[in-house]
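In the working numbering, the protein residues as written are 333 to 888.
Structure record follows, encoded as structure tokens.
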Amino acid sequence: MTEETSSNFIRDIIDEYKAANPNQEIVTRFPPEPNGYLHIGHAFAIQVSYGIARDYNGQFNLRFDDTNPAKEESEYVDAIKEDVKWLGADWGDNLFFASDYFDQLYEWALHLIREGLAYVDDQSPEEMRKGRGSLIEPGENSPFRDRKVEENLDLFQRMKDGEFDEGSRVLRAKIDMGNPNLNLRDPVLYRILHANHHRTGDKWKIYPSYDFTHGQSDAIEGITHSLCSLEFEFHRPLYNWFLKNLPVPSKPRQIEFARLNVEHIVTSKRKLLQLVSEGHVRGWDDPRMPTVSGFRRRGYTPESLNEFCHRAGVAKRERVNEYALLEYCIRQDLEERAYRRMAVLNPVKVIIENFPENDTEYFDGPNHPAKPELGMRSVPLTREIYIEREDFMEDPPKKFFRLGPGREVRLRYACYITCTGFKKDEEGEIQEIHATFDPESRGGSTPDGRKVKGTIHWVSATENRPLEVRNYEQLFTKTNPEDVEEGQTFIDNLNQNSESIITAFGEPELGKATIGERFQFERKGYYAVDPDTQSDQLILNCTVGLRDSWGKKQKK
RNA sequence: GGCCUCGUGGUGUAAUGGUAGCACUAAGGAUUCUGAUUCCUUCUGUCGGGGUUCGAAUCCCUGCGAGGCUACCA
């Protein structure tokens, strides 16, 4: 896709590193915890780490950070792998699990104990919290801090053997209870969890913490640059402390960057889970969800998502990207690759009076106007057709280029019709429109060369394919869904009209559509075939509408 | 009250002591069998105040503002 400037502060650091270590391969990693589905923020993180490995001919690892058996499930592992693969981040043979390193990590914990750098603490979680101090006050040493090495070794062994209850003891690093960085106030290395791990089963009764796992896992895998989001900035001194005090095989460097935020979107796993569990959406892959699977179902291409992440850029400050950029990226991609079809979403009938009854005439339309090599499809015209209700006005203003009494328009790919009259029902709603067609205009122009300003899409009223069309608006009304009044939550910002389902009529060719296929409904927008589709019911999700400068002008 | 990070048009991001650029958005125009696409044009910016320098978005000081950090989560 676009080349543009790809420079950012991380790549600058890597350029420097490469200059100093020309033969060192760059190794990055994406380390999801398997406790939920990937969202667009993860797609961004993948793009950053994978993109660097790819561009520097390095290596990219997918590593599951599975150190908390209480929250993790293998169902998520499979879903995450599918999403990462779909996004195009190829990890090759480099699939790892932090749980693969549990034995090594345990050895290293022993090492710290022997060095006098770790101790078993018998305090309760509350006591530990109190002892840690606060943002402005230093903490106090634990009464168990000066236990002898032998006693620590013995207790830690018994923790491992499952002798103690959950929460009764932890292994802590002995660093500095007065450090202004709270992460250095004797952080927890191991906690007791009598849970079943999705990969190691019941082998372990103790599990390493994130901090004791991450840097060492990076070191084991030979990660050169461990890229993560800003909130881990404060963990970096600890990350480096472990690398310094443990006999690790390599010294990775942690670099933090700002998360990707997008207007109208929440990316907190807790909140996404709530949307799913409370039934506000159809599931993790609801087309309104900011999950990778949601975007996929909505009709987004991986290329468009990657392009968006690329254009969002990498920075060190918190930012919020406009939703419009996301829409721009998918429109640009789909404009290029989506086949064109006609579908009428809000139909009104037109009767072409001089068209013979029970007759059908076929017209060819290109699948893509700029790509004749993609071939043509045939569209049937009959005496009765549907057009969009909004393409007819009883009393149109001067700049209205569509149908109105006495006006002539082109039916896309077919011929010119002129409106000769219309009927209304009791409510004053247009019921049907009458028209005549010019037989000489077949093919879209006439021998006299007269011009019609408007071209509208249409579908035969008798030879068509009914469609269930799901249109979407933002899931949240506010650009920042977290912006709530006192006593409210982000749930109160849900857009009650975020999904609307209608029945539309599409040209017969749509009967061949397959799940996941994307089309442009001409003059309307891009639509993707939903997996709920059955052979007798075709369901399409609106990915994004076409830009509409006329509609915009009308609103003013 | 502590520590850390960060402030460039409406938005996002470049410029690493030497002409503030690119993209999105918005506005206007041209082309068009999609009021789409494409093409062209235009608008708006270095948080404030000092200092160093021939020269500062960039370096220093200071003020202001934003974010992060007080889990046996990651």
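Just so you know, even glycine gets a beta-carbon here, dropped at the ideal spot from N, CA and C.
Margin query: Between the alpha carbons of Arg446 and Ala375, how many angstroms are there, rounded?
Written below: Here the question's residue 446 lines up with position 114 in the first sequence. Here the question's residue 375 lines up with position 43 in the first sequence. Each residue's Cα considered, the two are about 42 Å apart.
Notebook entry, point to check: Using the beta-carbon count (16 or more within 10 Å), is Met674 buried or exposed?
Noted result: By one-based count along the first sequence, residue 674 stands at place 342. Flag for Met674 reads buried.
Next item on the list: Below 8 Å on the Cβ atoms is my guess for Tyr542 versus Thr399; work out the distance and round it to an integer in Å.
Entry: As a position in the first sequence, residue 542 is number 210, starting the count at 1. As a position in the first sequence, residue 399 is number 67, starting the count at 1. The pair is a contact, with the Cβ atoms about 6 Å apart (cut-off 8 Å).
Next item on the list: Identify which residue in His546, Leu799, Asp534 has its Cα closest to the Cα of Ala892.
Entry: Nothing in the structure corresponds to residue 892, since the chain is present only between 333 and 888.
Notebook entry, point to check: Mind checking whether the beta-carbon of His766 lies closer than 7 Å to any heavy atom of the ligand MN?
Noted result: Annotation note on the ligand MN: not contained in the displayed structure, which lists no ligands.
Check: When you compare only the Cα positions, how much space is there between Ile749 and Gly786?
Finding: Position 417 of the first sequence, counted from the first residue, corresponds to residue 749. Position 454 of the first sequence, counted from the first residue, corresponds to residue 786. About 11 Å.
Note to self: I'd like the span of the beta strand (DSSP E) that includes Glu800, first residue to last.
What the structure shows: Indexing the first sequence from 1 puts residue 800 at position 468. Here the beta strand (DSSP E) through Glu800 covers 797–804.
Note to self: Three Cβ pairs or more, each shorter than 8 Å: is that satisfied between the segment 602–610 and the segment 575–589?
What the structure shows: no
Note to self: Looking at the secondary structure, which residues open and close the beta strand (DSSP E) in which Ser431 lies?
What the structure shows: Along the first sequence, one-based indexing puts residue 431 at 99. That residue, Ser431, is in no beta strand (DSSP E); it is neither H nor E in DSSP.
Checklist line | Residue range of the beta strand (DSSP E) that includes His789 | finding: Locating residue 789 in the first sequence gives position 457, counting from the first residue. Element bounds for His789: n/a, residue is neither H nor E.
Margin query: For Trp790, count the other beta carbons within 10 Å of its own beta carbon; 16 or more makes it buried, fewer makes it exposed. Which is it?
Written below: By 1-based counting over the first sequence, the position of residue 790 is 458. Buried is the call here.
Notebook entry, point to check: Alpha carbon to alpha carbon, what distance is there between Ile765 and Arg721?
Noted result: As a first step, residue 721 is located in the first sequence; it is residue number 389 there, counting from the start. As a first step, residue 765 is located in the first sequence; it is residue number 433 there, counting from the start. Rounded to the nearest angstrom, the two C-alpha atoms are 10 Å apart.
Check: For Gln391, is the classification buried or exposed, using 16 other Cβ atoms within 10 angstroms of its Cβ as the cut-off for buried?
Finding: The sequence position of residue 391 within the first sequence is 59, counting from 1. Buried, since its Cβ has 16 or more Cβ neighbours within 10 Å.
Notebook entry, point to check: For Trp882, which of Lys856, Glu459, Asp862 has the nearest alpha-carbon?
Noted result: In the first sequence, residue 882 corresponds to position 550, counting from 1. The shortest C-alpha separation from Trp882 is found at Lys856.
Notebook entry, point to check: Under 8 Å between the Cβ atoms of Ala767 and Val680?
Noted result: What you label residue 767 is simply residue 435 of the first sequence in a count that begins at 1. What you label residue 680 is simply residue 348 of the first sequence in a count that begins at 1. Not a contact, by the Cβ cut-off of 8 Å.
Check: Based on the DSSP secondary-structure assignment, which residues constitute the bridge partners of Asn393?
Finding: One-based indexing of the first sequence puts residue 393 at position 61. The partner list for Asn393 (beta bridge, DSSP) reads Arg361.
Next item on the list: For Asp415, count neighbouring Cβ atoms within 10 angstroms of its own Cβ and tell me buried if that reaches 16, exposed if not.
Entry: In the first sequence, residue 415 corresponds to position 83, counting from 1. Buried, because 16 or more other Cβ atoms sit within 10 Å of the Cβ of Asp415.
Notebook entry, point to check: Once you ignore the five residues that flank Phe476 on each side, which residues in its own chain have a CB closer than 8 Å to its CB?
Noted result: Numbered from 1 along the first sequence, position 144 holds the residue referred to as residue 476. So the list reads Tyr451, Val452, Asp453, Asp454, Gln455, once near-sequence residues are dropped.
Margin query: Is the separation between the beta-carbon of Pro366 and that of Tyr539 shorter than 8 Å?
Written below: As a first step, residue 366 must be located in the first sequence, where it is residue number 34. As a first step, residue 539 must be located in the first sequence, where it is residue number 207. No, Cβ-Cβ distance for Pro366 and Tyr539 is not below 8 Å.
Next item on the list: Mind reading off the beta-carbon distance from Arg629 to Pro863? Whole number of angstroms is fine, and I expect it under 8 Å.
Entry: Residue 629 sits at position 297 when you count from the first residue of the first sequence. Residue 863 sits at position 531 when you count from the first residue of the first sequence. About 7 Å separates the two Cβ atoms, so the contact holds.
Check: What did DSSP end up calling Lys756 once you bin it into helix, strand or coil?
Finding: On the first sequence, residue 756 is found 424 positions in, with the first residue counted as 1. Strand at Lys756.
Check: Taking the Cβ atom as the reference point for each residue, do Thr532 and Ser431 lie within a distance shorter than 8 Å?
Finding: Residue mapping note: residue 532 aligns to position 200 of the first sequence, counting from 1. Residue mapping note: residue 431 aligns to position 99 of the first sequence, counting from 1. The answer is yes: Cβ separation under 8 Å.
Note to self: Between the alpha carbons of Ile719 and Ile788, how many angstroms are there, rounded?
What the structure shows: If you number the first sequence from 1, residue 719 lands on position 387. If you number the first sequence from 1, residue 788 lands on position 456. Answer to the nearest angstrom: the Cα atoms are 8 Å apart.
Margin query: Once DSSP output is grouped into helix, strand and coil, what is the label at Pro540?
Written below: Translated into positions along the first sequence, residue 540 becomes position 208. Correct three-state label for Pro540: strand.
Note to self: Tell me the rounded alpha-carbon separation between Glu689 and Cys751.
What the structure shows: For the purposes of this step, residue 689 is taken as the residue at position 357 of the first sequence. For the purposes of this step, residue 751 is taken as the residue at position 419 of the first sequence. In a straight line, the C-alpha of Glu689 is about 18 Å away from that of Cys751.
Notebook entry, point to check: Does the separation of the CB atoms of Ala860 and Gly631 fall below 8 Å?
Noted result: Within the first sequence, numbered from 1, the residue matching residue 860 stands at position 528. Within the first sequence, numbered from 1, the residue matching residue 631 stands at position 299. Their beta carbons are under 8 Å apart, which means Ala860 touches Gly631 by this criterion.
Margin query: Could you tell me which whole beta strand (DSSP E) segments of length 3 or greater appear in the segment 535–605?
Written below: 538–540, 557–561, 585–589
Checklist line | Those runs of the beta strand (DSSP E) which lie wholly inside the segment 830–887 and span at least 3 residues | finding: 831–838, 850–853, 857–861, 870–877
Next item on the list: Please list, in chain order, all residues of the same chain as Arg663 whose beta carbon is under 8 Å from its beta carbon, the five residues on each side excluded.
Entry: In the first sequence, the residue the question calls residue 663 occupies position 331. Contacts found: Tyr858, Val876, Leu878, Arg879.
Margin query: Within 10 Å of its beta-carbon, does Glu761 have 16 or more other beta-carbons around it, so buried, or fewer, so exposed?
Written below: Indexing the first sequence from 1 puts residue 761 at position 429. Exposed.
Checklist line | CB contact flag (Ile524, Glu498, <8 Å) | finding: As a working mapping, residue 524 is identified with position 192 in the first sequence. As a working mapping, residue 498 is identified with position 166 in the first sequence. Yes, the pair counts as a contact, with Cβ atoms nearer than the cut-off.
Check: Is it right to say Gly775 is buried, meaning 16 or more other beta carbons lie within 10 angstroms of its own, or is it exposed?
Finding: Position 443 of the first sequence, counting from 1, holds the residue named residue 775. Exposed, since its Cβ has fewer than 16 Cβ neighbours within 10 Å.
Notebook entry, point to check: Quick one: what's got a C-beta closer than 8 Å to Leu516's C-beta in the same chain, skipping five residues either side?
Noted result: Here the question's residue 516 lines up with position 184 in the first sequence. Ile507, Asp508, Pro569, Leu570, Trp573.
Notebook entry, point to check: Would you say Tyr433 and Ile555 are within 8 Å of each other, going by their C-beta atoms?
Noted result: Numbered from 1 along the first sequence, position 101 holds the residue referred to as residue 433. Numbered from 1 along the first sequence, position 223 holds the residue referred to as residue 555. No; because the gap between Cβ atoms is not below 8 Å, this pair is not in contact.
Next item on the list: Could you pull out every unbroken alpha helix (DSSP H) segment of at least 4 residues lying fully inside the segment 643–718, listed in chain order?
Entry: 655–669
Item checked: Neighbourhood of Asp550 by C-beta, 6 Å cutoff - its chain only, sequence neighbours within 5 removed -> In the first sequence, the residue the question calls residue 550 occupies position 218. The answer, listed in chain order, is Ser558, Pro584.
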